[in-house]
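With numbering that gives the first Met the number 0 applied, the sequence shown closes on residue 179, and no number is skipped along the way. Backbone N, C-alpha and C define an ideal beta-carbon position, used for all residues, glycine too. Bear in mind the structure is a predicted one, so any value in this text is a computation, not a measurement. Right, one structure below, let's go through it.
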Amino acid sequence: MRELKEFTIPFVGLKLGQHSFHFEIANTFFEHFEYDEFNTARINLTALLDKKTTLLEFTLSYDGIVNVPCDITNEAFDQEVSGSYHFVVKFGETFNDENEDLLIIPHGSYEVNIQQYIYESIILSLPSRFIHPGIEDGSLQSDILDKLEELSPKQLKDTAEEGAELDPRWDELKKLLTDK
Numbered sequence: 000m001r002e003l004k005e006f007t008i009p010f011v012g013l014k015l016g017q018h019s020f021h022f023e024i025a026n027t028f029f030e031h032f033e034y035d036e037f038n039t040a041r042i043n044l045t046a047l048l049d050k051k052t053t054l055l056e057f058t059l060s061y062d063g064i065v066n067v068p069c070d071i072t073n074e075a076f077d078q079e080v081s082g083s084y085h086f087v088v089k090f091g092e093t094f095n096d097e098n099e100d101l102l103i104i105p106h107g108s109y110e111v112n113i114q115q116y117i118y119e120s121i122i123l124s125l126p127s128r129f130i131h132p133g134i135e136d137g138s139l140q141s142d143i144l145d146k147l148e149e150l151s152p153k154q155l156k157d158t159a160e161e162g163a164e165l166d167p168r169w170d171e172l173k174k175l176l177t178d179k
């Protein structure tokens with residue numbers, strides 16, 4: 000996958016200490032990763048780089064809104080997304096990104112691309128199911144919700160109240176429990 004240049008941070012000219020980088024993440028960022036679950040995305044991300052003599056420490060902090068369809072009704076709504084992620088960049092013989100919290104880049108590198116870490120931290124902070132807040136508080140009126148309610152299985156108590164008789168064999172078995 001090709002790297003997006005705006006997420007490549009050149010660290011060779013930076014002094015030791017903390018440096019802050021700000022990014023605005025939009026839907027085009029997720030389209031680059033072929034992730035099309037969002038209608039729109041507006042996320043503000045701050046990458047705090049703490050440059051030390053032998054390593055780089057990154058802390059990604061983000062918050063914003065993604066517009067997603069509800070998994071139950073397919074109604075679009077704004078889902079808040081926020082979180083942070085911390086990882087370390089060290090220098091070694093070869094490039095190695097097998098560890099999720101440690102990135103090893105070759106000696107002599109002068110920049111690091113953090114797009115994969117941004118993508119993974121945002122996606123993993125999302126809930127596994129998107130449920131419209133109107134469903135939880137009962138304020139959403141939808142034809143789909145009405146149909147789901149209509150087709151939902153009725154409780155056994157409802158059928159007993161309507162006069163439907165239970166199988167008489169169960170009554171005989173219940174007598175065995177009381178005939179000790």
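- Note: D70 is not bridge-paired with any residue in the DSSP secondary-structure output.
- Boundaries of the alpha helix (DSSP H) around T27: N26 to H31.
- Separation of the CB atoms of F37 and V88 is rounded to 28 Å, and the pair is thereby denied contact status at 8 Å.
- Remark: C-beta atoms of L59 and S83 approach each other more closely than 8 Å.
- Following the DSSP letters along the chain, one finds L123 inside the alpha helix (DSSP H) bounded by residues Q114 to S124.
- In this structure Q78 is buried. Its beta-carbon is surrounded by 16 or more other beta-carbon atoms within 10 angstroms.
- Secondary-structure assignment with DSSP links V87 through a beta bridge to E56 and L101.
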